[in-house]
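In our numbering, the protein residues as written are 4 to 295.
Glycine included, C-beta positions come from ideal geometry on N, C-alpha and C.
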Ligand SMILES: [Zn+2]
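What follows is the structure in structure tokens.
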């Protein structure tokens, strides 16, 4: 069945198989689980960043993400392009925008690729604004997504960027509540007024937070395998999605980083069914939600 993936970090969205076929000399072993977000970041620095060295490497990582999505019959792909990747392109965000435009054209007949502007909260704020605003004005992107460390990071500095994105009809997404508390979810909603949350699963800990999500009609783009591999959910069977779904919250199922977590959207649908988290009919409803 055709599927959507709406929480995908583009340069980490390819399969390990495609990566190994290209970089035959590199010996890469992907762990089953990571020691939290820090463990994942260590793996990226220690392994992937030793392979992805040039702008051509970055282009390949992005291409293989789109091709891997097509392999899984993803027909609608919302994936973030990290603006910090400009460092591989002579610090030129214009070159990054050019590459993204080219990918949209090249794969347009096979997949509806809607790139998000990817902003890591740790990027210098002047860079976030100078490069971010260029991306907003380029008319190449369909949304904006903020991510990085969830705990102890301020959201206020990004409000103006979100307002500018909204003025250009871009969809707004925030990573929050994967590891951080339900209170941080409430404050992200109250400060940034996002359309969607990436993860947001800790909302399950508070009736008020779930109500706030419902009142604002905010969709949660969840990635169960990523949550399991990083330790924010003890198992697929115990994933908080079930409770969130029963509260009437709009959910989708996504890959996050296919390269790191090795579970396509299809794999995760099957897993959730196998562990009796959702029935086929419920999974089909979730599948369709992701296209809206
Ligand atoms: Zn993510």
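> Who are the Cβ neighbours of residue 143 in its own chain at under 6 Å, not counting the five residues just before and after it?
Replying inline: Looking up residue 143 in the chain shown gives position 140. Apart from sequence neighbours up to five positions away, the residues of its chain that approach residue 143 with a beta-carbon distance below 6 Å are 100, 103, 104, ordered along the chain.
> For residue 37, is the classification buried or exposed, using 16 other Cβ atoms within 10 angstroms of its Cβ as the cut-off for buried?
Replying inline: In the chain shown, counting from the first residue as 1, residue 37 sits at position 34. Residue 37 comes out buried.
>> Quick check on residue 294: buried or exposed, where buried means 16 or more other Cβ atoms within 10 Å of its Cβ?
In response: What you label residue 294 is simply residue 291 of the chain shown in a count that begins at 1. The residue in question, residue 294, is exposed, as its Cβ has fewer than 16 Cβ neighbours within 10 Å.
>> Measuring only the C-alpha atoms, how far is residue 14 from residue 282?
In response: If you number the chain shown from 1, residue 14 lands on position 11. If you number the chain shown from 1, residue 282 lands on position 279. So the alpha carbons of these two residues sit roughly 32 Å apart.
> Can residue 228 be considered in contact with ligand 1, in the sense that its beta carbon sits closer than 6 Å to one or more heavy atoms?
Replying inline: Here residue 228 corresponds to residue number 225 of the chain shown, with the count starting at 1. No.
> What is the DSSP secondary structure of residue 86, counted as helix, strand or coil?
Replying inline: Here the question's residue 86 lines up with position 83 in the chain shown. Helix, per DSSP.
> Can you tell me whether DSSP reads residue 248 as helix, strand or coil?
Replying inline: Counted from its first residue, the chain shown places residue 248 at position 245. Residue 248 falls in the helix class under three-state DSSP.
>> Rounded to whole angstroms, what is the Cα-Cα separation between residue 198 and residue 245?
In response: Working through the chain shown from its first residue, we reach residue 198 at position 195. Working through the chain shown from its first residue, we reach residue 245 at position 242. Those two C-alpha atoms are separated by around 21 Å.
> Should residue 259 be counted as a contact of ligand 1 given a C-beta to heavy atom distance under 6 Å?
Replying inline: The residue you call residue 259 lines up with position 256 of the chain shown. In this structure, residue 259 has its beta carbon less than 6 Å from a heavy atom of ligand 1.
>> For residue 76, which residues in the same chain have their Cβ closer than 8 Å to its Cβ, ignoring the five residues on either side in sequence?
In response: The residue you call residue 76 lines up with position 73 of the chain shown. Answer for residue 76: 4, 5, 6, 269, listed in chain order.
>> Taking the alpha helix (DSSP H) that residue 7 belongs to, which residues open and close that run?
In response: What you label residue 7 is simply residue 4 of the chain shown in a count that begins at 1. No alpha helix (DSSP H) contains residue 7, which is instead part of the beta strand (DSSP E) from 6–12.
> Using 8 Å as the threshold, is the region 232–244 in touch with the region 211–218, meaning 3 or more CB pairs across them?
Replying inline: For the pair of segments examined, the region 232–244 was found not to touch the region 211–218: the number of CB pairs separated by less than 8 Å stays below three.
> Would you say the region 88–100 touches the region 186–194, given that touching needs at least three Cβ pairs under 8 Å?
Replying inline: Fewer than three pairs of CB atoms, one per stretch, sit closer than 8 Å, so the region 88–100 makes no contact with the region 186–194.
> Can you name, in chain order, every residue of its own chain whose Cβ lies under 6 Å from the Cβ of residue 137, other than the five neighbours on each side?
Replying inline: Numbered from its first residue, the chain shown carries residue 137 at position 134. Only 96 meet the Cβ criterion.
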